[in-house]
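Counting from 1 along the sequence shown, just add 1 to a position and that's the residue number in our numbering.
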Amino acid sequence: MGAEIIDGKQTAAEIRASLKQQIEAFDGEDMPVLSVVRVGDDDAGRVYVRNKKKAAEEVGIGCEILEFAGSIGENALLESVAELNDNPHINGIIVQQPLPKQINPQKILEAISPDKDVDGFGALNIGKTALKESGAVLAATPKGIIRLLDKYCGDLRGKHAVIIGRSNIVGRPLALLLLNRDCTVTVCHSKTQDLPKISRTADILIAACGCPKMVQKDWIKPGAAVIDVGINRDENGKLCGDVDFDTVKENAGFITPVPGGVGPMTVAMLLENTWEAYKKQQTGQTSSCCCGHHHCHCGHH
Ligand code: NAD
2 MGAEIIDGKQ
12 TAAEIRASLK
22 QQIEAFDGED
32 MPVLSVVRVG
42 DDDAGRVYVR
52 NKKKAAEEVG
62 IGCEILEFAG
72 SIGENALLES
82 VAELNDNPHI
92 NGIIVQQPLP
102 KQINPQKILE
112 AISPDKDVDG
122 FGALNIGKTA
132 LKESGAVLAA
142 TPKGIIRLLD
152 KYCGDLRGKH
162 AVIIGRSNIV
172 GRPLALLLLN
182 RDCTVTVCHS
192 KTQDLPKISR
202 TADILIAACG
212 CPKMVQKDWI
222 KPGAAVIDVG
232 INRDENGKLC
242 GDVDFDTVKE
252 NAGFITPVPG
262 GVGPMTVAML
272 LENTWEAYKK
282 QQTGQTSSCC
292 CGHHHCHCGH
302 H
């Protein structure tokens with residue numbers, strides 16, 4: 002028996018179609034606009050930005066790309082972010098990572114107005130998520146993962162979620178969201194001892210460490226949900242995740258492919274966050290919650 006494939010591509014397409022409908026139906030003064038700031042000559046970054054722009058425009062979100070030379074100073078970049086914050090026509094701002102060495106990425110993230118921080122990486126949004134406060138902009142990749150788990154894996158309460166990776170953009174915020182959804186959460190990282198043993202206790206195993214095909218079949222509790230966040234190249238230059246998909250799928254109950262799993266969901270959630278930021282800026286309302294549900298079920302309000 003093989004695992005059921007968690008179809009992130011299809012799920013993301015459904016979310017984008019729904020967003021498109023909502024945006025068309027909304028009687029706003031102007032269209033929602035996302036601003037993407039990109040620095041330097043990173044080719045992968047350029048591809049990611051192009052994909053985001055295409056996806057945004059397809060659903061009716063304008064996307065303005067601001068490109069800077071890799072030599073730009075921190076203050077000049079901070080000034081650009083300040084201008085975007087003050088521009089009433091811009092609803093969401095993201096700064097594509099990685100940034101050149103002379104720039105402190107956290108300082109740039111902190112400069113983005115929390116209402117326009119549609120990546121949800123700023124301290125205020127992460128802090129609100131940690132405190133389970135409503136109104137937090139949820140980090141896009143973790144939010145997309147929760148959406149996939151909700152669709153495929155039913156009730157998350159009481160399940161043991163093991164996350165491999167503790168980065169500020171994936172592992173850490175994901176741990177908070179899963180905790181907010183009443184999972185028992187274990188966060189593993191590069192200093193963790195006996196990762197296979199801990200992984201085998203997971204009902205939900207999330208790999209977000211950037212290690213090509215590291216997670217093996219014998220790390221998987223039979224029937225577990227396996228979410229692969231990694232985007233890597235294997236020894237032949239082929240795109241692969243952090244999970245050895247072909248063997249792990251024999252033990253898992255559910256599994257995300259790479260590509261076509263978490264990646265498209267991240268972009269869809271970024272668009273959703275931009276749409277929600279726009280509505281909030283236009284009407285003062287918000288519809289997403291600290292629990293990660295689109296329509297809140299956490300009873301927190
Ligand atoms: P990162 O490099 O910032 O963090 C990696 C984390 O994994 C660290 O916490 C580290 O302690 C841990 N780690 C590294 N090696 C390990 C090992 N051998 N055993 C256990 N833990 C280990 O990475 P990130 O930015 O969180 O990204 C992780 C992966 O996810 C990358 O492949 C990245 O390309 C991908 N990614 C994908 C999406 C998406 O939308 N699909 C979004 C963000 C990142």
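Ideal placement from N, C-alpha and C gives every residue a C-beta, glycine not left out.
The DSSP-derived three-state label of Ala-226 is strand. When only Cα atoms are considered, Cys-154 and Thr-202 end up about 17 Å apart. By the criterion of a C-beta distance shorter than 6 Å, Leu-206 is surrounded in its chain by Val-163, Ser-200, Ala-225 and Val-227, once the five residues flanking it on both sides are discounted. If the five residues before and after Leu-67 are omitted, its C-beta is found closer than 6 Å to the C-beta atoms of Val-38, all from its own chain and listed in chain order. A Cβ-Cβ separation of about 6 Å places Val-40 in contact with Ile-73 under the 8 Å criterion. Around the beta-carbon of Arg-158, fewer than 16 other beta-carbon atoms lie within 10 Å, marking it exposed. Rounded to the nearest whole angstrom, the CA to CA distance from Thr-284 to Phe-122 is 23 Å.
A distance of 7 Å or more separates the beta carbons of Ala-124 and Val-82. Counting of Cβ neighbours within 10 angstroms places Val-259 among the buried residues, the total reaching 16 or more. For the options Ile-232, Asn-237 and Val-249, the alpha carbon positioned closest to that of Val-263 is the one of Ile-232.
In this structure, Asn-126 sits away from Val-34, with a CB-CB distance that is not shorter than 7 Å.
For the pair Ala-141 and Asp-156, the CB atoms are not nearer than the 7 Å cut-off.
Between Pro-213 and the set Lys-198, Lys-222, Ile-221 and Val-230, the nearest pair of CA atoms involves Val-230. In this structure the segment 271–285 does not lie against the segment 99–108, because fewer than three pairs of beta carbons, one per stretch, are closer than 8 Å. Proximity to Lys-117 across Ile-104, Leu-150, Lys-21 and Asn-88 peaks at Asn-88, based on C-alpha coordinates. Judged by pairs of C-beta atoms under 8 Å, the segment 239–248 does not touch the segment 273–283, as fewer than three such pairs exist. The DSSP-derived three-state label of Asp-245 is coil.
In the DSSP annotation of this structure, Arg-47 is not part of any beta strand (DSSP E); the continuous alpha helix (DSSP H) holding it starts and ends at 44–60.
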